[in-house]
Amino acid sequence: MGQVAGLLLDSIVSGILVGGFYAAMAVGISIAFGMLGISNIAHPALILLGSFIVYVLNSKFGWDPILVGVLATVPFYFLGTLLYGAYEFAFERRGTQLIRGLAFFFGLLFITEVGLQLIFGVDYRLVEAPYIGPSYNFGPISLPVRMLIPFLASVLLLIGLQIFFTRTFTGRAIMAVAQDKFALQLMGASPVRVKRIAFGLSTATAAMAGAFLIILQPVEPSMGRDYIGRIFAICVLGGVGSLPGTFIAAVIVGVAESITATFYGPSWSPAIAFGFLLIALVVRPAGLFGRA
Amino acid sequence: MSNGRFIALACLVGIALVAGSMFVTNEYYVFAAYFVLQYVVLATAWNILGGYVGYVNFGTTAFLAIGLYSAAALNKWLDLPIPVLILIAGVLCGGVGLAMGYLTIRLRGVYFTIATLALSVVVQTFITNWDYVGGSRGIYIMRPSEVLVFGSYVAYLFFLMTVLAVAAVVTARVIERSTFGFGLAAIRDDEIAAAASGVPVLRLKLVAAAVSGALMGMAGAPLPFYLTYVEPTSSFSLAYTVNSVAMPLVGGTTSWLGPVIGAVLLGTMQQAMTVLISSSVNLLVVGVLLVIFVIAAPNGILGLIRSMGGKKPDPETNPLAAMLAAEKRSSQ
Chain P
1 MGQVAGLLLD SIVSGILVGG FYAAMAVGIS IAFGMLGISN IAHPALILLG
51 SFIVYVLNSK FGWDPILVGV LATVPFYFLG TLLYGAYEFA FERRGTQLIR
101 GLAFFFGLLF ITEVGLQLIF GVDYRLVEAP YIGPSYNFGP ISLPVRMLIP
151 FLASVLLLIG LQIFFTRTFT GRAIMAVAQD KFALQLMGAS PVRVKRIAFG
201 LSTATAAMAG AFLIILQPVE PSMGRDYIGR IFAICVLGGV GSLPGTFIAA
251 VIVGVAESIT ATFYGPSWSP AIAFGFLLIA LVVRPAGLFG RA
Chain A
293 MSNGRFIALA CLVGIALVAG SMFVTNEYYV FAAYFVLQYV VLATAWNILG
343 GYVGYVNFGT TAFLAIGLYS AAALNKWLDL PIPVLILIAG VLCGGVGLAM
393 GYLTIRLRGV YFTIATLALS VVVQTFITNW DYVGGSRGIY IMRPSEVLVF
443 GSYVAYLFFL MTVLAVAAVV TARVIERSTF GFGLAAIRDD EIAAAASGVP
493 VLRLKLVAAA VSGALMGMAG APLPFYLTYV EPTSSFSLAY TVNSVAMPLV
543 GGTTSWLGPV IGAVLLGTMQ QAMTVLISSS VNLLVVGVLL VIFVIAAPNG
593 ILGLIRSMGG KKPDPETNPL AAMLAAEKRS SQ
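As given, the protein sequences belong to chains P and A, one line each in that order.
Numbered per my numbering, the first sequence finishes at 292, counting up by one with no gaps.
Numbered per my numbering, the second sequence finishes at 624, counting up by one with no gaps.
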C-alpha cells in the first residue's frame, strides 16, 4: 500500500471517529433548532461549560470524565428547562423570538464564555483518564482510544435518543410538537410542557458532549464559537430534526475536515464546515434526510 | 425635520466634535472618543439590517476585519491614502454583504444569522493563512507621513471616523424616512404581506445587507492605522459583534437615534471600565445588559422613554407593556 493511500485511510478513520463526536455536539441543536424551532446558538458555550465542570471534578477528585458527563446531564436538564421557561415567557409568548431570541442566546453565549474566562483564564485545560494515552495500530491506521471512547459513547447517545423519540409517548409528543402544535393540543398535551422537556434534553446532551470534547483535546473558554458554524452546518446538512441524518452529516464533515487537515494543513479545516453549510443552504435547504 | 436640515445638523455636530478634539490635550481622550465613534458606525450599520428589516447579523467582526485587512494589505502594496482605502473597503464589504444575502437571506432569516456567524470563522481562517498580512503573527502598519492640516495623526484619524459616523447616521435616517425604509419596515412586520402588496422583498433586503456590510467595512479601514499593529485573534474579537448587537438593542432599534444612544452609552461605559476595572469584566457587563434589555425592555431606552412619556404602549411593538397597562386600567 502506498504512503498516500495509507495517510488517506488513516485520515478517513480518524474523520469518522471525530464525526461521531461532532454528532454528539450537534444532536442538541438538532433537537432545539430542528424540532422546536429554537435557534440556541449558546449551545456550544454550554458544551464548554460541561467541559469545565468535567475538568474541575476530574482534577480535584479524579472522577472519570465520562461518568461526570453522564451525571452532569441531570443539572443540565434542569438548566435547560429554566432557560426554556425564560425564553418562552420573554419571546415565544410575545412572538418576538427571531431577533430578540437570537440576541438572548447570543448574550448567553457571550456571558458563559467571558464568565469561564474570568474563572479559568485563557489557558488550555485537560483531563486525565486511563484511556487517554494509549492507541491501537492496524498497519497505517491508528485508533487512539481517547477518540474511540467518545465515538462509541456518542453512537450510544444517539441510539438512545432515537429510541426515545420513536418509542416513548413523550418522545413522540416532542416529534409531534415539531410538526403540528395545534394537533398536539387537541390530543390533550401542553406544547409548552413538551417543549420544555425537549429543550431540557437538548441541553443535557451538552454535558455529555462537553465531556467528550475535553477527552478529545484540551479546551479553553472561547473555543465554543469555532463549533457554532460546524454544528449548524451538520444540522442543516443532515436535515434539521433528523437524528440519523445528523449522524451521517457529522461523519461527512468529520471526514472532509480530517482529509483537508492531513493534505492541506489543519489551519484550513475550519473553512470546510462553512463550505458545506453554504452548499447545503443553496442546493438543498431541507438537508440530506429532511422532509423537503 | 427635513432631510436637508438633519444633514446640516449632523454635520454641525461632527464639526463641533472635531473642533472640540483639537482643544483636548490628553491624547487618550481622543483615542477613547474614536472608539465610541467607531461603535456609532458599527451599531448604526447593524441596525440598518437588524433593526429596520429584522435580519440578525452576527458577523460584524467578519466585515470589520475584511475592511481592516484590505486596508492593511493595500497600504503595504500601493501606499494609498486612507480615504481611498475606506472607499475600497466599503465596496468590498458591500459586495460580501450582497453575496451573503443572496445566498442565504432568501431562506429563513435564521439561516442568514448562522451563516454570518460562520463567516467570521472562515474569514479568520483565510486571514490566518494569508502570509502577506503576517498570518497569525500579525503585521505592523506604517502610518503614512502626510497628515494634511491636522496636527497629529490621531487627530486625522479622529476626523475621518467623525466623517464616517456622520455619514452612517445620515444614511440611516435618510433610509428610515424614504420609500425604501418603509418597504424595509413592511418586510420586518410581515414579509408575506409586504410581498403581496408589491414590495420587492428580495431586492430591498439585499440592498440593506449591502449598505450595512459596506458601512461596517468602512469603519474597519482606518483601524490598522489607529492600532498600528494588527493580528487575527484580537481583530476577530467577539467584542465587536456583541457590542454592535447590544448597542442598537439597548438603545432601541426602530430609529436612527437608538444605536447612537446605545453606542455612546455602552462605548463610554466600556472605556471607563477598561481603565478602572478590566476589559473582561466590561464585556461581561455588556452581555448581561444585552440579555436584560431583550427580556425586560424589548424596545430599548427609546421605548422606555416613550412609555414614560405617558403614551399608551403600542400593543404591536410592546405587547407586554400594553398588557400591563390594560390590567392596571381594569383594576382601578
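Glycine is no exception: its CB is placed at the ideal position from the N, C-alpha and C atoms.
Give the single residue among Y264/P, G275/P and L116/P whose Cα lies nearest to the Cα of V253/P. Nearest to V253/P by alpha-carbon distance, out of Y264/P, G275/P and L116/P, is G275/P.
Suppose you measure from the CA of V499/A to the CA of V522/A; what does that come to, to the nearest Å? About 31 Å.
Work out the CA separation of T317/A and S234/P for me, nearest whole Å. A quick correction: the sequence has Ile, not Ser, at residue 234/P. C-alpha separation (whole angstroms): 54 Å.
With 7 Å as the limit, tell me which residues of the stretch 103-124 of chain P have their beta carbon closer than that to any beta carbon of chain A; keep them in chain order. Only A103, F104, F106, G107, L108, F110, I111, V114, G115, Q117 and L118 from the stretch 103-124 of chain P bring a Cβ to less than 7 Å from some Cβ of chain A.
Given R172/P as reference, the closest of L216/P, K195/P, S154/P and S11/P once Cα atoms are compared: Residue K195/P is the option with its Cα nearest to R172/P.
In chain order, what residues of the stretch 555-586 of chain A put their CB closer than 9 Å to some CB of chain P? Close to chain P, meaning a Cβ-Cβ distance shorter than 9 Å, are the following residues of the stretch 555-586 of chain A: S570, S572, V573, L575, L576, V578, G579, V580, L581, L582, V583, I584, F585 and V586.
Is there a Cβ of chain A sitting closer than 9 Å to that of A292/P, yes or no? In this prediction, A292/P has a pLDDT of 41, which is less than 50 and means its spatial position is unreliable; nothing more can be read from the coordinates.
Which same chain residues, not among the five before or five after L102/P, have their C-beta less than 8 Å away from its C-beta? Excluding positions up to five away in sequence, the list reads S39 and I41.
Within the same chain, show all residues whose beta-carbon is closer than 7 Å to that of V345/A, passing over the 5 residues directly before and after it, in chain order. The residues are L476, I479, R480, K497 and A500.
Give me the Cα-Cα distance between P144/P and E88/P, rounded to the nearest whole angstrom. Distance between the alpha carbons of P144/P and E88/P: 43 Å.
Where the alpha helix (DSSP H) through I272/P begins and ends: I272/P -> alpha helix (DSSP H) spans P270 to V283.
Establish whether the CB of A90/P and some CB of chain A are separated by less than 9 Å. Interface residue, yes.
In angstroms with no decimal places, state the Cα-to-Cα distance between D226/P and A308/A. Going from the Cα of D226/P to the Cα of A308/A covers about 43 Å.
Taking V114/P and S572/A to be in contact with their CB atoms under 8 Å, please state how far apart those CB atoms are, rounded to whole angstroms. Cβ atoms of V114/P and S572/A come within 8 Å of each other, at about 6 Å.
Following the continuous beta strand (DSSP E) through Y136/P, name the residue where it begins and the one where it ends. Run containing Y136/P: S135 to F138, per the beta strand (DSSP E) assignment.
How would you write the range of the beta strand (DSSP E) that I141/P sits in, first residue to last? Under the DSSP assignment, I141/P falls in the beta strand (DSSP E) whose first and last residues are I141 to P144.
Less than 9 Å between CB atoms is the rule here; does A337/A satisfy it with respect to chain P? The beta-carbon of A337/A is placed no less than 9 Å from the nearest beta-carbon of chain P.
Closest Cβ-Cβ distance between A249/P and chain A: below 9 Å? Not closer than 9 Å to any Cβ of chain A, the Cβ of A249/P fails to qualify, so no.
Neighbourhood of A249/P by C-beta distance below 7 Å, restricted to the same chain and skipping five residues each side: Apart from sequence neighbours up to five positions away, the residues of its chain that approach A249/P with a beta-carbon distance below 7 Å are I234, L237, G238 and L288, ordered along the chain.
Would the beta-carbon of L530/A fall within 9 Å of that of T353/A? Yes; because the gap between Cβ atoms is below 9 Å, this pair is in contact.
So what's Y344/A in DSSP terms, helix, strand or just coil? If DSSP states are grouped into helix, strand and coil, Y344/A belongs with coil.
Return the residues of the stretch 246-275 of chain P that lie within a Cβ-Cβ distance of less than 9 Å from chain A, sorted by chain order. Of all residues in the stretch 246-275 of chain P, G265, S267, W268, S269, P270, A271, A273, F274 and G275 have a Cβ within less than 9 Å of some Cβ in chain A.
Between R100/P and chain A, is any beta-carbon pair separated by less than 9 Å? It does: the Cβ of R100/P has a partner Cβ on chain A nearer than 9 Å.
Where the stretch 208-232 of chain P meets chain A: residues whose CB sits under 7 Å from a CB there: Answer set for the stretch 208-232 of chain P: R225, D226, I228, G229 and F232.
In three-state terms, what does DSSP make of V127/P? V127/P: coil per DSSP, three-state reduction.
May I ask which residues mark the beginning and end of the alpha helix (DSSP H) holding D481/A? Run containing D481/A: T471 to D481, per the alpha helix (DSSP H) assignment.
Cβ neighbours of W268/P in the same chain (closer than 6 Å, five flanking residues each side left out): Its chain contains T260 as the residues whose beta carbon lies nearer than 6 Å to that of W268/P, once the 5 sequence neighbours on both sides are disregarded; these appear in chain order.
Pick from I467/A, P524/A, L372/A and P514/A: whose alpha carbon is nearest that of L426/A? Checking the displayed sequence, the identity of residue 426/A turns out to be Gly instead of Leu. It is P524/A whose Cα lies nearest to the Cα of G426/A.
Buried or exposed: Y55/P, going by 16 or more other Cβ atoms within 10 Å of its Cβ? Counting other Cβ atoms within 10 Å of its Cβ, Y55/P reaches 16 or more and is therefore classed as buried.
For V371/P, three-class secondary structure by DSSP: Because chain P in this structure spans residues 1 to 292, residue 371/P falls outside the shown range and cannot be described.
L541/A at chain P interface by Cβ criterion, 9 Å: Closer than 9 Å to some Cβ of chain P, the Cβ of L541/A qualifies, so yes.
Leaving out five residues before and five after I299/A in sequence, what residues of the same chain have Cβ atoms less than 6 Å from its Cβ? Take I299/A, set aside five residues on each side of it, and the residues of its chain with a beta-carbon closer than 6 Å to its own are V462, in chain order.
With distances taken from CA atoms, which of P373/A, A447/A and V552/A is nearest L594/A? Taking L594/A as reference, the option from P373/A, A447/A and V552/A with the minimal CA-CA separation is V552/A.
Would you check if the distance between the CB atom of A457/A and the CB atom of I340/A is smaller than 9 Å? Annotated as distal: A457/A and I340/A, with beta-carbon spacing of 9 Å or more.
DSSP-derived helix/strand/coil call for V219/P: Three-state DSSP puts V219/P in a strand.
Taking Cβ positions only, does V305/A come closer than 9 Å to chain P? So, not an interface residue.
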